[in-house]
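**Q** Structure below; questions to follow.
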Amino acid sequence: MTTPTYSVTRSSQAARVGAALGGLVLILLIAAPWWAGRADMRLMGELFLYLALASLWNLMAGYAGLVSVGQQAYVGFGGYMLFALTMFGGLHPVAAIALAGVLGALISIPVAVLIFRLRGAYFAIGTWVIAEVFRLGFAQISTLGGGSGSSLPVAIVRSLASKRALRESLSYWLALGAAVLVITAVYFFLRSRKGLALTAIRDNETAASSLGIDIWRTKFIVYVVTSAFTAMIGALIFLQKLRISPDAAFSVNDWTAFVIFIVVIGGIGTIEGPIIGTLVFFLLRETLADLGTTYLIVLGVVAIVVMLKAPKGLWGLIRSRFDIQIFPLGYRVIKRNPS
Amino acid sequence: MDWLNAVVQGTLLGGLYALFAAGLSLIFGVMRLVNIAHGDLIVLAAYLGLTVTTATGMHPLLALVLVVPVMAAIGYALQRGLLNQTLGDDLLPPLLVTFGLSVIIQNALLEGYTADPQKLSAGALETASFGLGGLTLGVLPALTFAIAVVVIWGLQRVFYHTPLGRAFRAVSDNQDIAQLMGLNRRHIFGLAMALALAVTAVAGILLGIRTSFDPSIGGGRLIFGFEAVIIGGLGNLWGTLAGGVILGVAQTVGAKIDPGWQILSGHIAFLIILAVRPNGLFPRISA
């Protein structure tokens, strides 16, 4: 008689195939400047930045339970820091992007201390108030163009790379790099000890607390790290746009509504969700954008229907049907019959 | 005298903010729902008022007779048809569904009425004023404040002295037991939303008479209402009026210092109160 042996593993066939395919796609994407046109590269660059924003928002809302509708605060802050640090600090744009992240983390600390006093939905609106304070505050700074905003001087744009083609490739690679960095960071964070604590908090806050997890501190760390990354993405977004104004930088529609729709449609609380959501979002946008406002109404309806009928999003539907996980986070027990 | 004037004008403005906030406070009190589309519903009411006044030539305040029941009906239908499905222990669905609703309403208004700023014309009422102890007060702001006091008094009365209010308080305390006692909570929630949007209708019409409006301003109105609720303390309607007044005064005093600081100083006042008194000034229930 043979007794089955059991082994515990994180990896799976799907994860290995996914990793191999992902690697191939990544190589193809890195090589995009040699095969894609200018317009395609611009679009893909934008897609990567949205993917990064969505992954970050998903980490906050889907894992830490911090539903923010005010992440545009950090997108705009990062954008303005890029402009301020390059124009008045004389920094190289890439250095300015990194520093924008550090400054984003610093400013998010007092913000977190204040708005963590609000719970649930009131926290959400509280984050919006913060974003409004940022928007109105930056509109008061006349050296940055006040309410009408300013453009990035040509000399600074040139300092990135003198040739336009190279500049566009560089900006594309930065966006791709940001998306890969964010997804990798989220993945390894969730696999770490802290990530396990976070998942425990997501599943049951009281139980997690009774096991000795410091809930406030864990959420605080997630908020600060997310804000830092969001500020860096914001700096990258406005490096692509080359022009900034308070209304564009702190737009709740562009940097929060779309991001929320991406995550909800793709599947909140999964790493795969934002990836699928971003692809669906851009597909919808490229096909329906001519409809203008109708497109946004359609998007809102789709998000509501998904939230009510399939709260785990598209990836949740796929996963419940095929039981696969491309980014393995959980452990599974596998039964092996010795041959 | 200038400063006293700013404080008095701010107090009257606070009446409008309290009206923005009253509906928000009511539905949070009854069903713990925070409606992110609340500001857009205020703007929707203003546009309904615009349609009624332009179609019939009615005075905007008279248009309330039509707009209030329409908004109440929308509220009931919205709650029974959509929002009831989102209620539960998880706070994500109501938040994201009302957020989606906010985007839908905003863009539907944009489609129907374009982005042009509109205004409800109330004739002589807009500019009428009266003197009071050396200050000159607008009739409209004073009327708005009086309406706010009456509305909040009425809501308080409904809440604590009527069978409907008893039902509201019962489902608020414990939904399941209220259900066992023969209350249909879905219906009660529908009625609460209807009442909240009836108040929102009043707020929307008064907003439309006071200033020009366009489909994009809903988010800002939501924030003002929310700040008034938090400053006053959750679940306390008179506190909400006080919160609205504090917000209004902070804004007019801020505008007196520098016109660019009007809205910003309101937000800063809110953040200071949040830092010093996280549960608001007159809390009744904890969130």
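Going line by line, the protein sequences match chains A and B.
First residue of the first sequence: 441, per this note's numbering; consecutive thereafter.
First residue of the second sequence: 1067, per this note's numbering; consecutive thereafter.
Yeah, the Cβ is synthetic: ideal placement off N, Cα and C, and Gly gets one too.
If you're wondering where the values come from, they're calculated on a predicted model, not measured in any experiment.
#1: Is residue 1133 (chain B) near residue 1271 (chain B), with beta carbons less than 8 angstroms apart?
#2: Is the Cβ of residue 1244 (chain B) closer than 8 angstroms to any Cβ of chain A?
#3: For residue 1285 (chain B) and chain A, any beta-carbon pair shorter than 8 angstroms?
#4: What residues from chain B crowd round residue 580 (chain A), counting only those whose CB sits closer than 7 angstroms?
#5: Secondary structure at residue 507 (chain A), three-state DSSP: helix, strand or coil?
#6: My guess is that residue 517 (chain A) and residue 544 (chain A) are in contact by the Cβ rule of under 8 angstroms, so how many angstroms apart are they, rounded?
#7: Around the C-beta of residue 604 (chain A), are 16 or more other C-beta atoms found within 10 angstroms, so that it is buried, or is it exposed?
#8: Start and end of the beta strand (DSSP E) containing residue 774 (chain A)?
#9: Determine the extent of the beta strand (DSSP E) in which residue 1196 (chain B) is found, giving its start and end residues.
#10: Identify the contact partners of residue 1143 (chain B) in chain A, using a Cβ-Cβ distance below 7 angstroms as the criterion.
#11: Nearest CA to the CA of residue 693 (chain A): which residue from A:547, A:582 and A:511?
#12: Beta-carbon separation of residue 638 (chain A) and residue 651 (chain A) under 8 angstroms?
#13: Using three-state DSSP, classify residue 559 (chain A) as helix, strand or coil.
#14: Considering only C-alpha positions, which residue in the set A:581, A:610, A:575 and A:769 is nearest to residue 485 (chain A)?
#15: How big is the Cα-Cα spacing for residue 1228 (chain B) and residue 684 (chain A)?
#16: My understanding is that residue 1233 (chain B) touches residue 1249 (chain B), with C-beta atoms under 8 angstroms, so please give their C-beta distance in whole angstroms.
#17: With a threshold of 8 angstroms between beta-carbons, can residue 1096 (chain B) be considered close to chain A, or not?
#18: Report the residue from B:1253, B:1210, B:1246 and B:1326 whose alpha carbon sits nearest the alpha carbon of residue 1086 (chain B).
#19: Go through its chain and collect everything with a Cβ distance to residue 584 (chain A)'s Cβ below 7 angstroms, but skip five positions before and after it.
#20: Applying the 10 Å Cβ sphere with the 16-neighbour rule, what's the burial state of residue 572 (chain A)?
#21: Tell me the DSSP secondary structure of residue 782 (chain A) in three-state form.
#22: Can you list, in chain order, the residues of its chain whose CB lies under 7 angstroms from that of residue 1167 (chain B), leaving out five sequence neighbours each side?
#23: Can you grab the Cα-Cα spacing for the pair residue 472 (chain A) / residue 481 (chain A), in whole Å?
#24: Whole-angstrom Cβ separation of residue 475 (chain A) and residue 699 (chain A), contact assumed at under 8 angstroms?
#25: Drop a sphere of 10 angstroms on the beta-carbon of residue 1295 (chain B), count the other beta-carbons inside from all chains shown, and report buried for 16 or more, exposed for fewer.
#26: Within a Cβ cutoff of 8 angstroms, which residues of the same chain sit near residue 1201 (chain B), ignoring the five residues on either side of it in sequence?
#27: Over what stretch of residues does the beta strand (DSSP E) that includes residue 1209 (chain B) continue unbroken?
#28: Against chain A, with Cβ distances strictly below 8 angstroms, would residue 1174 (chain B) count as a contact?
#29: Exposed or buried, which one is residue 453 (chain A) when buried takes at least 16 other CB atoms within 10 Å?
#30: Do we get a CB-CB distance below 8 angstroms when we pair residue 724 (chain A) with the residues of chain B?
#31: With DSSP as the reference, label residue 632 (chain A) as helix, strand or coil.
#32: For residue 1340 (chain B), which residues of its own chain have a beta-carbon under 7 angstroms away from its beta-carbon, when the five flanking residues on both sides are left out?
#33: Report the neighbours of residue 557 (chain A) on chain B: residues whose CB is nearer than 7 angstroms to its CB, in chain order.
#34: Identify the contact partners of residue 1151 (chain B) in chain A, using a Cβ-Cβ distance below 8 angstroms as the criterion.
#35: Between the alpha carbons of residue 1293 (chain B) and residue 1309 (chain B), how many angstroms are there, rounded?
#36: Between residue 638 (chain A) and chain B, is there a C-beta pair that is closer than 8 angstroms?
**A** Taking the definition as stated:
#1: Sequence index remark: in the second sequence, residue 1133 (chain B) carries index 67 (1-based). Sequence index remark: in the second sequence, residue 1271 (chain B) carries index 205 (1-based). The Cβ atoms of residue 1133 (chain B) and residue 1271 (chain B) sit closer than 8 angstroms to each other.
#2: Taking the first residue of the second sequence as position 1, residue 1244 (chain B) is located at position 178. For residue 1244 (chain B), the nearest beta carbon of chain A is not closer than 8 angstroms to its own beta carbon.
#3: Counting from one through the second sequence, the residue named residue 1285 (chain B) turns up at place 219. The beta carbon of residue 1285 (chain B) sits closer than 8 angstroms to some beta carbon of chain A.
#4: Here residue 580 (chain A) refers to the residue found at position 140 of the first sequence. Proximity of chain B to residue 580 (chain A) at the Cβ level (cut-off 7 angstroms) is accounted for by 1326, in chain order.
#5: Sequence index remark: in the first sequence, residue 507 (chain A) carries index 67 (1-based). Residue 507 (chain A) falls in the coil class under three-state DSSP.
#6: Indexing the first sequence from 1 puts residue 517 (chain A) at position 77. Indexing the first sequence from 1 puts residue 544 (chain A) at position 104. Rounded to the nearest angstrom, the Cβ distance from residue 517 (chain A) to residue 544 (chain A) is 6 angstroms, consistent with a contact under 8 angstroms.
#7: Reading the first sequence from its first residue, position 164 is the one you call residue 604 (chain A). So residue 604 (chain A) ends up on the exposed side.
#8: The residue you call residue 774 (chain A) lines up with position 334 of the first sequence. Here the beta strand (DSSP E) through residue 774 (chain A) covers 772-776.
#9: Translated into the one-based positions of the second sequence, residue 1196 (chain B) becomes position 130. Per DSSP, residue 1196 (chain B) belongs to the beta strand (DSSP E) from 1195-1198.
#10: Along the second sequence, read from residue 1 onward, the residue named residue 1143 (chain B) stands at position 77. None at all; the shortest Cβ gap to chain A is about 15 angstroms.
#11: Taking the first sequence and counting its residues from 1, one reaches residue 693 (chain A) at position 253. With distances taken between CA atoms, residue 693 (chain A) lies nearest to A:511 out of A:547, A:582 and A:511.
#12: Counting from 1 along the first sequence, the entry for residue 638 (chain A) is found at position 198. Counting from 1 along the first sequence, the entry for residue 651 (chain A) is found at position 211. Residue 651 (chain A) is positioned such that its CB atom lies no closer than 8 angstroms to that of residue 638 (chain A).
#13: Taking the first sequence and counting its residues from 1, one reaches residue 559 (chain A) at position 119. Looking at residue 559 (chain A) - three-state DSSP - the assignment turns out to be coil, as it is neither helix nor strand.
#14: Numbered from 1 along the first sequence, position 45 holds the residue referred to as residue 485 (chain A). Of A:581, A:610, A:575 and A:769, the residue nearest in Cα terms is A:610.
#15: Walking along the second sequence from the start, residue 1228 (chain B) turns up at place 162. Walking along the first sequence from the start, residue 684 (chain A) turns up at place 244. Taking the straight line from one Cα to the other gives about 55 angstroms.
#16: Here residue 1233 (chain B) refers to the residue found at position 167 of the second sequence. Here residue 1249 (chain B) refers to the residue found at position 183 of the second sequence. That belief holds up - the Cβ atoms of residue 1233 (chain B) and residue 1249 (chain B) are roughly 5 angstroms apart, short of 8 angstroms.
#17: Working through the second sequence from its first residue, we reach residue 1096 (chain B) at position 30. Closer than 8 angstroms: no.
#18: Numbered from 1 along the second sequence, position 20 holds the residue referred to as residue 1086 (chain B). Check the Cα spacing between residue 1086 (chain B) and each of B:1253, B:1210, B:1246 and B:1326: the tightest is with B:1210.
#19: Position 144 of the first sequence, counted from the first residue, corresponds to residue 584 (chain A). Excluding positions up to five away in sequence, the list reads 520, 523, 524, 578 and 590.
#20: Counting from one through the first sequence, the residue named residue 572 (chain A) turns up at place 132. It counts as buried.
#21: The question about residue 782 (chain A) has no answer here: the residues shown for chain A are numbered 441 through 779.
#22: Locating residue 1167 (chain B) in the second sequence gives position 101, where the first residue counts as 1. 1103, listed in sequence order.
#23: Taking the first sequence and counting its residues from 1, the one referred to as residue 472 (chain A) is at position 32. Taking the first sequence and counting its residues from 1, the one referred to as residue 481 (chain A) is at position 41. Going by the C-alpha atoms only, they are around 7 angstroms apart.
#24: Looking up residue 475 (chain A) in the first sequence gives position 35. Looking up residue 699 (chain A) in the first sequence gives position 259. Incorrect: roughly 29 angstroms between the Cβ atoms, too far for contact.
#25: As a first step, residue 1295 (chain B) is located in the second sequence; it is residue number 229 there, counting from the start. Of the residues assessed, residue 1295 (chain B) falls on the buried side of the cut-off, its CB having 16 or more other CB atoms within 10 angstroms.
#26: Stepping through the second sequence from its first residue, residue 1201 (chain B) is reached at position 135. The beta carbon of residue 1201 (chain B) is closer than 8 angstroms to those of 1067, 1070, 1071 and 1074 in its chain, skipping five residues each way along the sequence.
#27: Here residue 1209 (chain B) is taken as the residue at index 143 of the second sequence, counted from 1. Looking at the DSSP string, residue 1209 (chain B) is not in any beta strand (DSSP E); the run it does join, the alpha helix (DSSP H), is 1205-1227.
#28: For the purposes of this step, residue 1174 (chain B) is taken as residue 108 along the second sequence, with counting starting at 1. Taking Cβ atoms only, chain A reaches closer than 8 angstroms to residue 1174 (chain B), which makes this a yes.
#29: As a position in the first sequence, residue 453 (chain A) is number 13, starting the count at 1. By the 10 Å Cβ count, residue 453 (chain A) comes out exposed.
#30: The sequence position of residue 724 (chain A) within the first sequence is 284, counting from 1. Taking Cβ atoms only, chain B never reaches closer than 8 angstroms to residue 724 (chain A), which makes this a no.
#31: Position 192 of the first sequence holds residue 632 (chain A). Looking at residue 632 (chain A) - three-state DSSP - the assignment turns out to be coil, as it is neither helix nor strand.
#32: Mapped onto the second sequence, residue 1340 (chain B) falls at position 274. Contacts found: 1296.
#33: For this step, residue 557 (chain A) is matched to residue 117 along the first sequence. Those are 1340 and 1344, listed as they occur along chain B.
#34: Counting from 1 along the second sequence, the entry for residue 1151 (chain B) is found at position 85. For residue 1151 (chain B), the neighbours in chain A by C-beta distance under 8 angstroms run, in chain order, 748.
#35: The sequence position of residue 1293 (chain B) within the second sequence is 227, counting from 1. The sequence position of residue 1309 (chain B) within the second sequence is 243, counting from 1. If you draw a straight line from the Cα of residue 1293 (chain B) to the Cα of residue 1309 (chain B), it comes to about 7 angstroms.
#36: Indexing the first sequence from 1 puts residue 638 (chain A) at position 198. No, residue 638 (chain A) lies away from the interface with chain B (no Cβ there is under 8 angstroms from its Cβ).
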